[in-house]
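*Asks:* When the count follows my numbering, it moves up by one through the sequence shown with no breaks and lands on 329 for the last residue. From the three backbone atoms N, C-alpha and C, an ideal C-beta is built for every residue, glycine too. A single structure is presented below for examination.
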Amino acid sequence: MSLNDVIGQDRAVKILSSMIKREKIAASFLFSGISGIGKRLTALEFAKAVNCKTPASVKMGTSCDICSSCRKINSKIHPDIQIVTPDEGIIRIEQIRPINEFLSFTPSEGKKKVVIIDEADKMNPQASNAALKTLEEPPSNSIIILVTSRESNLLDTIVSRCIKLTFVPLPNKAIKSILNKNNQTLNPAQISLCRCSFEGVEGGDKELKRNKGVTSIQDIIKGGGIEKWKEREDMEEWFLTIIPILRDMVISKIKGTDEYLINSDIKDEIKVLTQKTDIGNMVKCFDCVYGVSAKLHLYPNKLVVQNYMNNVIRDMLG
12 MSLNDVIGQD
22 RAVKILSSMI
32 KREKIAASFL
42 FSGISGIGKR
52 LTALEFAKAV
62 NCKTPASVKM
72 GTSCDICSSC
82 RKINSKIHPD
92 IQIVTPDEGI
102 IRIEQIRPIN
112 EFLSFTPSEG
122 KKKVVIIDEA
132 DKMNPQASNA
142 ALKTLEEPPS
152 NSIIILVTSR
162 ESNLLDTIVS
172 RCIKLTFVPL
182 PNKAIKSILN
192 KNNQTLNPAQ
202 ISLCRCSFEG
212 VEGGDKELKR
222 NKGVTSIQDI
232 IKGGGIEKWK
242 EREDMEEWFL
252 TIIPILRDMV
262 ISKIKGTDEY
272 LINSDIKDEI
282 KVLTQKTDIG
292 NMVKCFDCVY
302 GVSAKLHLYP
312 NKLVVQNYMN
322 NVIRDMLG
């Protein structure tokens, strides 16, 4: 895969490719947009294109995907590429401090050193301040890419020092292209689920609620059921948590990777949930659950909805 193969983000790809062609690449970027639409993938493909050793590909603003540099980046072993991700939901200063030292050295194999800070909005205050210092005086021959689905959680001073590229939800045409490349054919209604821009549950206990969502699906499949909803808000929250997980199950089954997952950090749990069913049943399950969620105001009886969801998930995913 190369930068030009990124689907559905034409504007961002065009800007990045143009920089490579003109050999005028900015030192810091902010890739912003909802989860699961290819921001991290684009960052990696950009790093490949910047460091590609094939002149013909570089002139086209992309990568060859076969030179030693491209292969090492694909295998995540390139010495000039570093990716920072949250540790237990937080990016700490201990993860950011080494970036300065890493970037201070001349690239050992590539043209530029590249640091990708994934889920940059998870940086705590100390980490944010450390990152800001690096962005204020970026070392030469270096690129820093911040990837976020919650730009508002970043310091304004950090945002202002980056070239911002906004990533958009994947249109149906892009989803069809992805499906065709993976020999999958779905109808328009089914394809629509793949472009859902759900971001899951908000708030500090997001991970806890999401884990409960995975557990809820597991319990239903095993013959149990949804934990009783005491209040109507509990029912609404269950749907908000479950729908992105069901969406990711479909994407995981189609793609076989975590590139476009909303909940990529629990990709292993999601993959396990897909093992006992096929793509058709997963799509039907999503359609049904999403359909009910859109009409919750028509269902005053929580127990009826709960029993129906138990049966739907058990029959289609069990």
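(1) On the three-pair Cβ rule with 8 Å, is the stretch 120–137 touching the stretch 53–69?
(2) In the DSSP assignment, what residue or residues form a beta bridge with I18?
(3) I need the DSSP call for T96, collapsed to helix, strand or coil.
(4) Under a three-way DSSP split, which group does M134 fall into?
(5) Check the C-beta distance from V316 over to V303 and give it rounded, since I have them as a contact under 8 Å.
(6) Which partner residues does L176 have in the DSSP bridge list?
(7) G7: which of M327, T252 and E280 sits nearest, CA to CA?
(8) Have a look at the DSSP bridge pairing and note the partners of S153.
(9) Name the residue from A54, F116 and K70 whose alpha carbon lies nearest to the alpha carbon of V95.
(10) Beta-carbon within less than 8 Å of I84's beta-carbon, same chain only, minus the 5 sequence neighbours each way: which residues are those?
(11) Do you know whose CA, among E280, T168 and K87, lies nearest R221's CA?
(12) At which residues does the alpha helix (DSSP H) containing W402 begin and terminate?
(13) Could you give the DSSP three-state label for I101: helix, strand or coil?
(14) I need the DSSP call for T145, collapsed to helix, strand or coil.
(15) Could you check what DSSP says for T159 in three-state terms: helix, strand or coil?
(16) How many angstroms separate the CA atom of D167 from the CA atom of I104?
(17) Buried or exposed: which applies to Q106, given that a residue is buried once 16 or more other Cβ atoms fall within 10 Å of its Cβ?
(18) Is the separation between the beta-carbon of S43 and that of T177 shorter than 8 Å?
(19) Please identify the residue among S160, I127 and R172 whose C-alpha is closest to the C-alpha of E148.
(20) Considering only C-alpha positions, which residue in the set K278, E34 and G234 is nearest to I262?
(21) Whole-angstrom Cβ separation of V158 and A131, contact assumed at under 8 Å?
(22) Report the three-state DSSP secondary structure of H89 (helix, strand or coil).
(23) Please list the terminal residues of the continuous alpha helix (DSSP H) segment that includes P66.
(24) For N135 versus I174, is the C-beta distance shorter than 8 Å?
(25) Which residues in the same chain as V225 place their Cβ atom closer than 6 Å to its Cβ, once the five residues preceding and following it in sequence are excluded?
(26) Which two residues bound the contiguous alpha helix (DSSP H) that contains G291?
(27) So what's D279 in DSSP terms, helix, strand or just coil?
(28) What's the gap between the Cα of K306 and the Cα of N322?
(29) By how many angstroms is the C-alpha of V283 removed from the C-alpha of I227?
(30) Check whether the Cβ atoms of I265 and I324 sit closer than 8 Å, and answer yes or no.
(31) Along the alpha helix (DSSP H) that carries F57, what are the first and last residues, could you check?
(32) Return yes when the Cβ of G236 is within less than 8 Å of the Cβ of K287, no when it is not.
*Replies:* With the given structure in hand:
(1) yes
(2) Its beta-bridge partners do not exist; DSSP assigns none.
(3) coil
(4) strand
(5) 7 Å
(6) F42
(7) Residue coverage of the chain in this structure runs from 12 to 329, which leaves residue 7 outside it and unanswerable.
(8) K124
(9) A54
(10) L55, A58, K59, N62 and I92
(11) E280
(12) Nothing can be reported for residue 402: it is not among the residues displayed for the chain, which extend from 12 to 329.
(13) strand
(14) helix
(15) strand
(16) 18 Å
(17) buried
(18) yes
(19) R172
(20) K278
(21) 6 Å
(22) coil
(23) P66 to K70
(24) no
(25) E280
(26) I290 to S304
(27) helix
(28) 18 Å
(29) Reading off the sequence shown, one finds Ser at residue 227, where the question assumed Ile. Approximately 14 Å, taken between the alpha carbons.
(30) no
(31) K50 to N62
(32) no
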